[in-house]
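In the numbering used here, the protein residues as written are 201 to 687. Beta carbons are placed, not taken as given, at the ideal position from N, Cα and C, and that holds for glycine.
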Amino acid sequence: MSKNELRKEQALEYHAKGRPGKIEVVPTKEAKTQRDLSLAYSPGVAIPCLEIAENVENVYKYTAKGNLVAVISNGTAVLGLGDIGPEAGKPVMEGKGVLFKIFADIDVFDIEVNEKDPVKFVEIVQALEPTFGGINLEDIKAPGCFYIERELKKRLKIPVMHDDQHGTAIISAAALLNALEIQKKKIEKAKFVVNGAGAAAMACVLLYQQMGANPENFIMFDSKGALHKGRTGLDEIKAPFAIAEKDVSLADALKGADVFIGLSAANVLNGEMVKSMAKNPIVFAMANPDPEISWEEATSARKDVIMATGRSDYPNQVNNVLGFPYIFRGALDVRATQINTEMQLAAVKALAELTKTPVPDIVNLAYNQQNMHFGPEYIIPKPVDPRLLSTVAPAVAKAAIETGVARINIENWEQYEHDLNKRLGLDNHVLRVLGNKARNAPKRIVFAEGENINILKAAQIVLDEGIGFPTLLGDVKKYARWQKIIK
201 MSKNELRKEQ ALEYHAKGRP GKIEVVPTKE AKTQRDLSLA YSPGVAIPCL EIAENVENVY
261 KYTAKGNLVA VISNGTAVLG LGDIGPEAGK PVMEGKGVLF KIFADIDVFD IEVNEKDPVK
321 FVEIVQALEP TFGGINLEDI KAPGCFYIER ELKKRLKIPV MHDDQHGTAI ISAAALLNAL
381 EIQKKKIEKA KFVVNGAGAA AMACVLLYQQ MGANPENFIM FDSKGALHKG RTGLDEIKAP
441 FAIAEKDVSL ADALKGADVF IGLSAANVLN GEMVKSMAKN PIVFAMANPD PEISWEEATS
501 ARKDVIMATG RSDYPNQVNN VLGFPYIFRG ALDVRATQIN TEMQLAAVKA LAELTKTPVP
561 DIVNLAYNQQ NMHFGPEYII PKPVDPRLLS TVAPAVAKAA IETGVARINI ENWEQYEHDL
621 NKRLGLDNHV LRVLGNKARN APKRIVFAEG ENINILKAAQ IVLDEGIGFP TLLGDVKKYA
681 RWQKIIK
């Protein structure tokens, strides 16, 4: 059994053991006695039904709708796996539900729809509106994803967001604001090269322009080359991004550029290209799992570069989990009818400003640091920062109220922030911090009964997660037999 096969076995076992999958439904009310059951269902349940029938807004008072988000996909663009189908995408959607819950205490039903036609998909999701307080669209391929989000925003009175587009845009925009400040560059004058022309890249460009970037200062590339004014065959989605006057190579476009935004493929950028950029360049190489250029090569090429990736093992990780749980939390808490641009920009500003404040000891501990602070290697908060919920959610909620899309108001913001902090206990947070701490200072761990297959699996997990260096004790002959199998 190879190392990759062992990991495959572990991943499958993780998802299959006990109750299959990663989620379950848990009652929030007692249902132990006959009286409980008569209130939960018949005849007691008829009373809230009638109250809702009289005033539909009572659905938020008597049901879980106000804290329930649908994570919806048709499985056409799952991670980097492509169109693998709705069933195959379900583990990812369940995982997204887990993140909503542990970071923002939002309940999720994942819904996998067997429909590729964008028009029919919209009709299906529209019909689900009575159930949910918000819709998170996930892993839907372009260009259909643009139509789907646009139409659902028009038709629904609950917030809708395609996280593949806006999540990356919001987090990278916050990092960009801080990087520009450190590098002493003005966003309206900065010259951008964007490699990748998918949903995330387009959303990034549009949001940066909302923040003041000049549309004329962008050159975007897809797999066929630069989007330029003379290029034919561009669809209606890509055509507006064809700003360049003529065809140009990526290497030539980068000469004198201030910012590189990568949402494409590994190793398309090299050190020589980075050297050709303007003074104090910014490189966001966000392809996953391997960026457009490695951290080591970029920082070796230029000592004045600010580098960000999508990876957790380097500084400045652009991670969508910094955004979507808290954005939906704020939107749900004021019963917003949409997530508009102002709400997205509020999240950007909140994240950018949070980065400039003193980092809590628990975050320093998690990353084995003594004093992380705002600077070239800290331009965006860490995912384990406990302040994210009470910082981003209120900013989003305030923007919803100020722009008139909120249906309820928050009078006491201090109390609201206090309530947010109470939503999540410290247990999950502490475990995540301890896991990060262990990865930053791994210790040697001795495993008895090292010939046992379960002990071998545990040791492999310790090694794979980087939390320790396993040493196995046991019968050498038995271990040798397993070693042959593993090899």
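DSSP-derived helix/strand/coil call for residue i
| i | result |
| --- | --- |
| Ser449 | coil |
| Thr276 | coil |
| Tyr514 | coil |
| Ile655 | helix |
| Ile685 | Here Ile685 scores only 47 on pLDDT, less than 50, and its place in the model should not be relied on; the value that follows carries that caveat. Ile685 falls in the helix class under three-state DSSP. |
| Ala478 | coil |
| Leu352 | helix |
| Ile506 | strand |
| Phe524 | helix |
| Tyr738 | Any property of residue 738 remains undetermined from this structure, which presents the chain solely from 201 to 687. |
| Met201 | Caution applies to Met201, whose pLDDT of 46 falls short of 50 and renders its modelled position unreliable; the value that the coordinates give is listed next. In this structure, Met201 counts as coil in the three-state DSSP scheme. |
| Gly471 | helix |
| His428 | strand |
| Val676 | helix |
| Val592 | helix |
| Glu329 | helix |
| Tyr567 | coil |
| Val269 | strand |
| Val483 | strand |
Local Cβ density within 10 Å of residue i, reported as buried at 16 or more and exposed below that
| i | result |
| --- | --- |
| Thr432 | exposed |
| Gly282 | exposed |
| Val559 | buried |
| Ala399 | buried |
| Gln234 | exposed |
| Arg219 | exposed |
| Ser494 | buried |
| His573 | exposed |
| Asp364 | buried |
| Ser242 | exposed |
Beta-carbon gap between residue i and residue j smaller than 8 Å
| i | j | result |
| --- | --- | --- |
| Gln688 | Leu545 | Since the first residue shown for the chain is 201 and the last is 687, residue 688 is missing from the structure and cannot be characterised. |
| Ala550 | Thr591 | yes |
| Gly668 | Ile653 | no |
| Pro586 | Ile562 | yes |
| Asp447 | Gly425 | yes |
| Asn519 | Ile284 | no |
| Glu497 | Gly471 | yes |
| Ala369 | Ala403 | yes |
| Leu454 | Ser476 | yes |
| Glu651 | Asp675 | yes |
| Ile482 | Gln615 | no |
Limits of the unbroken beta strand (DSSP E) element including residue i
| i | result |
| --- | --- |
| Leu337 | 334–337 |
| Ala641 | Premise fails: Ala641 is in no beta strand (DSSP E) and is neither H nor E. |
| Ile324 | Where Ile324 is concerned, there is no enclosing beta strand (DSSP E), although the alpha helix (DSSP H) it sits in stretches over 318–326. |
| Glu312 | 307–312 |
| Asp422 | 418–422 |
| Leu672 | 668–672 |
| Met361 | 360–362 |
N- and C-terminal bounds of the alpha helix (DSSP H) containing residue i
| i | result |
| --- | --- |
| Ile461 | Premise fails: Ile461 lies in the beta strand (DSSP E), 459–462, not in any alpha helix (DSSP H). |
| Val393 | Per DSSP, Val393 belongs to no alpha helix (DSSP H); it is in the beta strand (DSSP E), 392–395. |
| Val259 | 259–262 |
| Met543 | 541–555 |
| Val298 | 286–304 |
| Ile493 | Unbroken run through Ile493: none, as it is neither H nor E. |
| Gln234 | 234–240 |
| Leu250 | 246–254 |
Closer than 7 Å: residue i CB and nearest the ligand SAH heavy atom
| i | result |
| --- | --- |
| Leu406 | The model on display carries no ligand, and the ligand SAH is accordingly not part of it. |
Beta carbon proximity, residue i to chain B, threshold 8 Å
| i | result |
| --- | --- |
| Glu614 | Structure shown: chain B not included; a single protein chain is present. |
> Quick check: the stretch 307–316 against the stretch 251–268, are there 3 or more CB pairs under 8 Å?
Replying inline: yes
>> Taking contact to mean 3 or more Cβ pairs, one atom from each stretch, closer than 8 Å, check whether the stretch 551–568 and the stretch 384–396 are in contact.
In response: no
>> Using a Cβ distance threshold of 8 Å, determine whether the stretch 330–339 contacts the stretch 501–512, with at least three qualifying pairs required.
In response: no
> Is the stretch 352–364 touching the stretch 524–539, taking contact as three or more C-beta pairs under 8 Å?
Replying inline: yes
>> Measuring CB atoms only, is the stretch 462–469 touching the stretch 477–492, in the sense that at least three cross pairs come out at less than 8 Å?
In response: yes
>> Across the stretch 313–333 and the stretch 254–265, are there enough close Cβ pairs to call them in contact, namely three or more that are closer than 8 Å?
In response: yes
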